[in-house]
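Peer 1:
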Amino acid sequence: MPTLFKYEKGIKFLKKPENLTLIADPTTVKAAENCDVTLITHAHTDHSLAFPNEGIRVYSTKIASQLFESLTARKTRNTKFIELNKKININDVEVKFIPAGHLLGAAQIVFYFDDLTICYTGDISTDKMLTVPKAAVPEDEVDILITEATYGKGDLFFDSREIIKTSILKWVAENLQKNKVPVINMGHLGPAQEIIAYLNEMLSVDIYCDNRTSEINKIYQNEGHNLQWNRFDLLNDSELKAERSVVLLPRAAKEIPEFLKSHKISRGIVTGQASRFAYSSFEQAFPFSMHANCNELLEHVKAVNPKKVYTLYGFDSDFAAIVRQKLKLFARPIKMPKNRLTLEEFL
Ligand SMILES: [Zn+2]
Ligand SMILES: [Zn+2]
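Per the working numbering: the sequence shown = residues 10 to 356.
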């Protein structure tokens, strides 16, 4: 009996003949409750919602669990910590978490079923950055690769991360020279720590962020990343040295904090989505992402060299087509339109 897999509010595996069910990155509590084993690749909330439930035994890295707690201010409950690069046995299935890049503690998961070796990437980045290693390529032969495709579309334009970081630096320096405080929106977890590490390295400025980002920064610091920052909620207005301060806001923040209202500011945003959208309410939008871009995804697929590829998230159809065309591999989105195939028909 072959191992079956499909997307059903998470990536679901059915091991035969035991009828053991595993789910990776479930998007509802119910989906996880209905399975024997739940695994989480990383702390971003579109992957990690199963953490705070006593009834769900979750397997994840320790850092993913800690970052989830800082990001959401909720406790994880029933988590078994998995070390990276170490094969372990969960209910008679061998599993290995390997580095994914993307953010601290993020993993790809390799499942060694009797008949199939399957690698699910979670979210990945393949560039070595200041705060994350590059995504690892599994050492073992992989039959099925289930890859993210967040930016898996050929015509999304990303400069190299070095070039984008340099343009952020230039924009920050120019604004400080004009006595304007650079205020930059970006994701709390991942981009914020990478950009703080970069600005720390390149400029002597005071970086201010909100309390939640600060809690996340502390976990990076405990893991040996020497980030320097301040909390703006603890700031008295008179303390801000406008000529040498940079303020980071959460990506979706529209309002500027009270303490900035007496200062001249300039607003920027850091997001991979700037490769698609104009962000006209900001003076500058930087398409910097902790996700692999289309070329990087393709290189990763090539390096893993699987027999079949299934795509997930973002541009799943576009990326499957690119894999078919460029690598001549079987590739298709793992999410099929409703009522198309039953689980048994799926393979
Ligand atoms: Zn993510
Ligand atoms: Zn994601």
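In this text, a Cβ means the ideal position worked out from N, Cα and C, and glycines have one as well. Fair warning: this is a prediction, and the values are worked out from it, not measured in the lab.
#1: My guess is that S79 and I228 are in contact by the Cβ rule of under 8 Å, so how many angstroms apart are they, rounded?
#2: Tell me, please, whether the region 294 to 304 touches the region 101 to 113 by the rule of three or more beta-carbon pairs shorter than 8 Å.
#3: Is it the case that the Cβ atoms of L185 and R253 are separated by a distance below 8 Å?
#4: Given I91, which residues of its chain have a CB within under 7 Å of its CB, disregarding the five upstream and five downstream residues?
#5: I want to check one thing, is the minimum distance from the CB of H197 to the heavy atoms of ligand 4 below 7 Å?
#6: From T175, V102, T140, I133, pick the residue whose C-alpha is nearest to that of V146; which is it?
#7: Taking the beta strand (DSSP E) that K137 belongs to, which residues open and close that run?
#8: Who are the near neighbours of S74 in its chain, counting only those whose CB is closer than 6 Å to its CB and skipping five residues on each side?
#9: Could you pull the DSSP bridge partners for C128 from this structure?
#10: For T277, name the three-state secondary structure that DSSP assigns.
#11: Using a 10 Å radius around the Cβ and a threshold of 16 neighbouring Cβ atoms, would you call A312 buried or exposed?
#12: How is the alpha helix (DSSP H) around K39 delimited, first residue to last?
#13: As a quick check of your reading: which residues have a C-beta less than 5 Å from at least one non-hydrogen atom of ligand 1, in chain order?
#14: Nearest by alpha-carbon distance to H56: which of G19, N194, M10 is it?
#15: In angstroms, rounded to a whole number, what distance separates the CA positions of H309 and L165?
#16: Please state whether the Cβ-Cβ distance between G131 and L306 is less than 8 Å.
#17: Among the residues of its own chain, which have a CB less than 6 Å from the CB of R170, if the five just before and after it don't count?
#18: Buried or exposed for G199, going by 16 or more other Cβ atoms inside 10 Å?
#19: Thinking V119 and C128 are a contact (beta carbons under 8 Å), I'd like their distance in whole angstroms, please.
#20: Using only the heavy atoms of ligand 2, determine whether one of them is closer than 7 Å to the beta carbon of H56.
#21: Measure from the alpha carbon of E264 to the alpha carbon of each residue in N28, V192, L243, K174, then state which is nearest.
#22: Roughly how many whole angstroms lie between the Cα atoms of E157 and L212?
#23: Output needed for L117: all residues of its chain with C-beta closer than 8 Å, excluding positions within five of it in sequence on either side, in chain order.
#24: Apart from the five residues on each side of it in sequence, which residues of its chain come closer than 7 Å, Cβ to Cβ, to A206?
#25: Sorted by chain position, which residues of the same chain lie with C-beta nearer than 7 Å to K189's C-beta, five sequence neighbours on each side aside?
#26: Does the separation of the CB atoms of A33 and L13 fall below 8 Å?
#27: Could you give the distance in angstroms between the alpha-carbon of L125 and the alpha-carbon of L321?
#28: Where T280 and A115 are concerned, what is the direct C-alpha to C-alpha distance, given to the nearest angstrom?
#29: At the level of alpha carbons, what is the spacing between F241 and D327?
#30: With a threshold of 7 Å (Cβ to nearest heavy atom), would Y160 be considered close to ligand 2?
#31: Less than 8 Å between the CB atoms is what I'm expecting for I278 and N226, so what's the real figure, rounded?
#32: When you compare the CB positions of L257 and Y288, do they come within less than 8 Å of one another, or not?
#33: Since D152 contacts P315 with CB under 8 Å, what's their CB separation in whole angstroms?
#34: Are L23 and N100 close, meaning C-beta to C-beta below 8 Å?
#35: I believe G323 touches T222 by the beta-carbon criterion, under 8 Å. Please report the beta-carbon distance rounded to the nearest angstrom.
#36: Measure the Cβ-Cβ separation of A59 and A82 and say whether it is below 8 Å.
Peer 2: The relevant details are as follows:
#1: The sequence position of residue 79 within the sequence shown is 70, counting from 1. The sequence position of residue 228 within the sequence shown is 219, counting from 1. So it is a contact: roughly 6 Å between Cβ atoms.
#2: yes
#3: Sequence index remark: in the sequence shown, residue 185 carries index 176 (1-based). Sequence index remark: in the sequence shown, residue 253 carries index 244 (1-based). In contact: L185 and R253 (Cβ atoms closer than 8 Å).
#4: Mapped onto the sequence shown, residue 91 falls at position 82. So the qualifying residues of the chain are Y68, S69, T70, I97, F106.
#5: For the structure depicted, ligand 4 is absent and the ligand set comprises only ligand 1 and ligand 2.
#6: Working through the sequence shown from its first residue, we reach residue 146 at position 137. The option with the nearest alpha carbon to V146 is I133.
#7: Translated into positions along the sequence shown, residue 137 becomes position 128. That residue, K137, is in no beta strand (DSSP E); it is neither H nor E in DSSP.
#8: Here residue 74 is taken as the residue at index 65 of the sequence shown, counted from 1. The residues are T85, T88.
#9: Within the sequence shown, numbered from 1, the residue matching residue 128 stands at position 119. Bridge partners of C128: V119, L154.
#10: One-based indexing of the sequence shown puts residue 277 at position 268. It is worth fixing the name first, because residue 277 is Gly in this sequence and not Thr. G277: strand per DSSP, three-state reduction.
#11: Looking up residue 312 in the sequence shown gives position 303. Answer is exposed; the Cβ neighbour count stays below 16.
#12: What you label residue 39 is simply residue 30 of the sequence shown in a count that begins at 1. It spans 38 to 42 - the alpha helix (DSSP H) in which K39 sits, taken as one unbroken run.
#13: H53, D132
#14: Taking the sequence shown and counting its residues from 1, the one referred to as residue 56 is at position 47. Nearest C-alpha to H56: G19.
#15: Along the sequence shown, read from residue 1 onward, the residue named residue 309 stands at position 300. Along the sequence shown, read from residue 1 onward, the residue named residue 165 stands at position 156. Looking at the two C-alpha atoms, the distance is approximately 18 Å.
#16: The residue you call residue 131 lines up with position 122 of the sequence shown. The residue you call residue 306 lines up with position 297 of the sequence shown. No, the Cβ-Cβ distance between G131 and L306 is not below 8 Å.
#17: Here residue 170 corresponds to residue number 161 of the sequence shown, with the count starting at 1. Same-chain partners within the cutoff: D136.
#18: In the sequence shown, the residue the question calls residue 199 occupies position 190. Per the 10 Å Cβ criterion, buried.
#19: Residue numbering aside, residue 119 sits at position 110 when the sequence shown is read from its first letter. Residue numbering aside, residue 128 sits at position 119 when the sequence shown is read from its first letter. 5 Å between Cβ atoms; contact.
#20: Your numbering for residue 56 matches position 47 in the sequence shown. Indeed, a heavy atom of ligand 2 lies less than 7 Å from the Cβ.
#21: Taking the sequence shown and counting its residues from 1, the one referred to as residue 264 is at position 255. When only C-alpha atoms are compared, the closest one is V192.
#22: Taking the sequence shown and counting its residues from 1, one reaches residue 157 at position 148. Taking the sequence shown and counting its residues from 1, one reaches residue 212 at position 203. E157 and L212: Cα-Cα distance of roughly 34 Å.
#23: Within the sequence shown, residue 117 is the residue found at index 108, counting from 1. One point to set straight first is that residue 117 is Gln, not Leu, in the sequence displayed. T50, F106, I107, P108, A109, C128, Y129, T130, G131, I133, A144, A145, P147, listed in sequence order.
#24: Looking up residue 206 in the sequence shown gives position 197. L139, T140, H234, L236.
#25: Here residue 189 refers to the residue found at position 180 when the sequence shown is read from its first residue. Taken in chain order, the residues that qualify are K273, I274, S275.
#26: Start at 1 with the first residue of the sequence shown, and residue 33 comes out as number 24. Start at 1 with the first residue of the sequence shown, and residue 13 comes out as number 4. Contact flag unset, no.
#27: What you label residue 125 is simply residue 116 of the sequence shown in a count that begins at 1. What you label residue 321 is simply residue 312 of the sequence shown in a count that begins at 1. Cα to Cα, L125 sits roughly 19 Å from L321.
#28: Here residue 280 refers to the residue found at position 271 of the sequence shown. Here residue 115 refers to the residue found at position 106 of the sequence shown. Roughly 19 Å separates the two Cα atoms.
#29: As a working note, residue 241 is residue 232 in the sequence shown. As a working note, residue 327 is residue 318 in the sequence shown. Looking at the two C-alpha atoms, the distance is approximately 42 Å.
#30: Counted from its first residue, the sequence shown places residue 160 at position 151. Every heavy atom of ligand 2 is 7 Å or more from the Cβ of Y160, so no.
#31: Translated into the one-based positions of the sequence shown, residue 278 becomes position 269. Translated into the one-based positions of the sequence shown, residue 226 becomes position 217. About 20 Å; that fails the 8 Å criterion.
#32: Here residue 257 corresponds to residue number 248 of the sequence shown, with the count starting at 1. Here residue 288 corresponds to residue number 279 of the sequence shown, with the count starting at 1. No, the pair does not count as a contact, with Cβ atoms beyond the cut-off.
#33: Taking the first residue of the sequence shown as position 1, residue 152 is located at position 143. Taking the first residue of the sequence shown as position 1, residue 315 is located at position 306. Confirmed, about 6 Å.
#34: Taking the sequence shown and counting its residues from 1, one reaches residue 23 at position 14. Taking the sequence shown and counting its residues from 1, one reaches residue 100 at position 91. Cβ atoms of L23 and N100: not closer than 8 Å.
#35: Position 314 of the sequence shown, counted from the start, is the residue given in the question as residue 323. Position 213 of the sequence shown, counted from the start, is the residue given in the question as residue 222. With 8 Å as the limit, G323 and T222 do not qualify as a contact, their Cβ atoms being about 24 Å apart.
#36: If you number the sequence shown from 1, residue 59 lands on position 50. If you number the sequence shown from 1, residue 82 lands on position 73. No, they are not a contact pair.
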